[in-house]
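Below is one structure, written out as structure tokens, with a few remarks after it.
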Amino acid sequence: MENYLFVSKKIISISLISAFFLLAVGYFSPFNLSVEAKNSETYRQLTLFGDVFQRVREAYVEEVPDKKLIKSAINGMLANLDPHSSFMDDEDFEDMQVQTKGAFGGLGIEVTMEDGFVKVVSPIDDTPADKANIQPGDLIIGIDDEGVYGLTLDEAVEKLRGEIGEPVVITIRRGNIDPFEVKIIRDEIKISSVKSEIFDNIGYIRLTTFSQQTTPGLVKEVQNFKKELGDKFQGIVLDLRNNPGGLLSEAISVSDSFLELGEIVSTRGRDGKDSTHHYSRPGDIINGLPLVVLINSGSASASEIVAGALKDHKRAVILGTRSFGKGSVQTVIPLPGHGAMRLTTARYYTPSGISIQAKGISPDIEVEVAKIEPIDFGIVREEDIRGALDKKQEDDKANKIADNEDNISETLSNDNETSLGDSLDVSEKRQDEIDFQLSRALDLIRGASVFNSLKK
């Protein structure tokens with residue numbers, strides 16, 4: 006077909022105009038003379054495209070394959086719509102399908118485009134990017150000493166990918182500090198989308214992404230909590246921080262897991278009538294136990310659907326900082342033999358009818374990451390002093406200790422306090438003791454549990 010298209014300039018122009026017009030109005034859409042007249046400006050612009058295309062083929066300083074020119078033109082058209090629409094060739098399409106199944110190669114970051122540069126939405130847990138301390142909001146302005154300005158998102162992502170074990174040097178702009186370089190070794194990214202832990206009698210579940218593994222993993226961990234804790238089970242902290250999103254179906258399924266009834270999310274396309282509503286089914290997997298959801302600026306897309314649904318239904322307390330604010334839905338449209346097109350086709354709305362596009366989900370309780378994470382060196386009490394009497398001895402000799410209280414206090418020197426603090430290694434502390442936001446979430450559930458026990 007390409008040979009036929011490019012036999013002569015005249016045939017090229019007619020063929021290109023016809024092809025692009027059919028894409029614009031729909032190949033099977035009936036149209037009459039009035040429609041043709043209405044699209045006369047479209048014909049004129051497509052004629053311009055054909056002229057430019059032919060001039061590039063004939064006069065550009067280097068010969069460029071026709072396929073590359075057409076692909077670049079399509080990429081440019083889609084990239085100028087919004088940061089999330091793009092064209093994927095066969096290889097890119099295959100990579101995308103692998104990612105949603107939970108394993109792929111690369112650095113382990115979710116990215117978007119902003120002002121011509123690659124913006125980090127969030128690093129994925131335990132990946133090379135995470136270990137290199139790449140942070141949400143970082144702008145990638147260079148890859149291996151080459152600028153990224155002017156590249157499409159897919160082109161930039163392609164440069165970030167490579168052979169496992171091979172290094173890539175990215176140039177980062179972070180806030181107001183000077184740009185700096187970070188060397189990262191590429192690795193196979195195996196995403197375990199669900200991680201869990203138990204803090205006292207509270208279940209902690211972290212969702213790193215929304216893949217096909219997410220809901221089954223969530224249900225499995227909740228079942229483990231119930232089996233291990235039994236009647237002592239007090240509630241769950243659901244951590245969606247730095248979760249860049251994923252499959253819409255999984256966001257709906259995770260939300261449904263904690264809701265009894267009601268709308269989870271609705272999507273609305275260009276035509277106001279073209280809307281879809283998704284509802285929960287009866288059944289809360291934790292039977293109404295307290296639920297706290299952690300979010301931050303790296304919580305995007307599917308994460309925001311979950312947080313928004315649970316917040317609007319007053320099923321959970323949302324704690325942390327405002328989320329990313331990606332309120333659009335992308336539909337992947339296969340193009341047989343040519344890959345696929347990722348096109349923004351709708352906006353999604355929370356159950357209360359609010360669009361979070363560029364706004365994000367605001368937490369019920371705003372808790373910033375502590376500038377200096379609280380490191381508890383221990384409150385010094387009598388029992389903490391080396392050589393202190395044990396409780397039994399203390400009871401037996403209470404009067405004597407009281408008489409000598411001043412002398413005892415004088416023995417607690419500054420040197421002893423320093424020694425006590427130095428002996429506590431932060432690396433040995435539990436996550437809830439060094440994660441300020443998580444600590445506050447656990448306190449909320451503990452408080453709710455105490456309050457409920459008082460009413461019994």
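Start counting the sequence shown at 6; every next residue gets the next number (our numbering). Beta carbons: idealized from backbone N, C-alpha and C, even for Gly. The structure displayed is predicted, hence computed values, not measured ones.
Closest in C-alpha terms to residue 126, from the list 307, 271, 225, comes 307. Spatial neighbours of residue 177 in its own chain (CB-CB distance under 8 Å, excluding positions within 5 residues in sequence) are listed in chain order as 139, 143, 144, 145, 146, 184, 185, 186, 187.
DSSP places residue 74 within a helical segment (H, G or I) once states are collapsed to three.
Shown here, residue 225 sits in a helix according to DSSP, grouped into three states. Take the alpha-carbon of residue 52 and the one of residue 196: they are about 47 Å apart. By the 16-neighbour rule on beta-carbons within 10 angstroms, residue 211 is buried. If you draw a straight line from the Cα of residue 363 to the Cα of residue 330, it is about 4 Å long. Taking the Cα of residue 255 as reference, the smallest distance to any Cα among 57, 222, 64 is reached at 222.
A straight-line Cα-Cα distance of about 46 Å links residue 77 and residue 370. Exposed is the label assigned to residue 456, since fewer than 16 other Cβ atoms lie within 10 Å of its Cβ. As DSSP reads the structure, residue 202 sits in a beta bridge with 209. Assignment of residue 243 by DSSP, reduced to helix, strand and coil, places it in the strand class.
Using a 10 angstroms sphere on the CB of residue 207, the tally of other CB atoms reaches 16 or more, which defines it as buried. For residue 329, no beta strand (DSSP E) run applies, since DSSP gives it neither H nor E. C-alpha of residue 88 to C-alpha of residue 116: approximately 10 Å in a straight line. Judged by beta-carbon spacing, residue 269 lies beyond the 8 Å limit of residue 312, meaning their Cβ atoms are not closer than that value. Look at residue 319 here: in three-state DSSP terms it is coil, with no helix or strand label. Between the beta-carbon of residue 305 and that of residue 264 there is about 21 Å, and that puts the pair past the 8 Å contact cut. The continuous beta strand (DSSP E) containing residue 351 extends over residues 345-354. The beta carbons of residue 310 and residue 227 sit no closer together than 8 Å.
For the 8 Å CB-CB criterion, residue 114 and residue 84 do not form a contact. Our two residues, residue 252 and residue 102, have alpha carbons roughly 11 Å apart in a direct line.
Just measuring C-alpha positions, the residue of 55, 261, 193 sitting nearest residue 167 is 193. The secondary-structure analysis by DSSP pairs residue 281 across a beta bridge with 272. The Cβ-Cβ distance between residue 94 and residue 344 falls below 8 Å. Annotation note: the stretch 77-126 contains the following uninterrupted beta strand (DSSP E) runs of length 3 or greater, listed N- to C-terminal: 91-93, 108-111, 114-119.
For residue 444, the closest C-alpha among the options 232, 247, 57, 373 is that of 373. The Cβ neighbour count for residue 436, taken over all protein chains shown within 10 Å, is under 16; the residue is labelled exposed. Taking the C-beta atoms as reference points, residue 303 is found no nearer than 8 Å to residue 172.
For residue 172, the enclosing beta strand (DSSP E) begins and ends at 172-178.
Comparing C-alpha distances from residue 157 to each of 91, 267, 359, 355 shows the shortest one belongs to 91. In the DSSP annotation of this structure, the continuous segment of the alpha helix (DSSP H) that includes residue 136 starts and ends at 133-136. Using a 10 angstroms sphere on the CB of residue 112, the tally of other CB atoms reaches 16 or more, which defines it as buried. The DSSP-derived three-state label of residue 61 is helix. Nearest to residue 233 by alpha-carbon distance, out of 47, 325, 202, 271, is 202.
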